[in-house]
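Only one structure is covered here, and it is reproduced in the block below.
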Amino acid sequence: MEEFEPTWQTAVLSAPDLDEADHLFNAYHQAFQAALAGSGNDPRWGRHAHHALRSRGLTVDTEGTTRTWTGGSPACLLPHATAAVIRDRLIAAGMPGPDIDAFRQLLLDPDLIVKSNLALSHIGRRAG
Numbered sequence: 001m002e003e004f005e006p007t008w009q010t011a012v013l014s015a016p017d018l019d020e021a022d023h024l025f026n027a028y029h030q031a032f033q034a035a036l037a038g039s040g041n042d043p044r045w046g047r048h049a050h051h052a053l054r055s056r057g058l059t060v061d062t063e064g065t066t067r068t069w070t071g072g073s074p075a076c077l078l079p080h081a082t083a084a085v086i087r088d089r090l091i092a093a094g095m096p097g098p099d100i101d102a103f104r105q106l107l108l109d110p111d112l113i114v115k116s117n118l119a120l121s122h123i124g125r126r127a128g
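Counting from 1, one number per residue, gives the positions in the sequence shown under the numbering used here.
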């Protein structure tokens with residue numbers, strides 16, 4: 001089972017203005033999590049999937065990976081587009097419109113380097 005652990009509040013590795021980038025990514029992370037939760041998504045599921053599989057009698061091994069993404073890359077274009085599509089929900093969750101605009105602009109900057117969310121791969125096996 002492949003899931004992700006949302007960790008964007010600590011994603012920025014390098015940016016033209018580290019403090020501003022940290023602020024924008026943290027604001028997006030908080031608002032995005034609230035928007036997901038408002039739609040019935042459990043943002044902790046990626047982490048809790050291991051327990052769910054074990055509670056069904058499986059022996060479980062979990063491996064996590066993360067990668068670096070550069071501003072303007074296809075990986076950064078996904079949150080760039082997502083922030084536009086769910087803009088109203090981000091604002092309702094407390095992220096100001098100007099911060100959304102600045103976040104989207106930052107995602108296009110080739111001087112931005114972020115780490116992806118932690119991708120968790122859970123492998124469950126039955127005994128015997």
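The C-beta atom is built at its ideal place from N, Cα and C for all residues, glycine as well.
- The Cβ-Cβ distance between alanine 11 and valine 85 does not fall below 7 angstroms.
- With contacts defined by Cβ atoms closer than 7 angstroms, aspartate 88 and alanine 27 do not form a contacting pair.
- Short of 7 angstroms from the beta carbon of serine 116, and not among the five residues preceding or following it, lie these beta carbons of its own chain, in chain order: Thr66, Arg67, Trp69 and Ala75.
- In this structure, arginine 126 and leucine 58 form a Cβ contact; the two beta carbons are roughly 6 angstroms apart against a cut-off of 8 angstroms.
- Counting along the chain, alanine 49 sits inside the alpha helix (DSSP H) bounded by residues 45-54.
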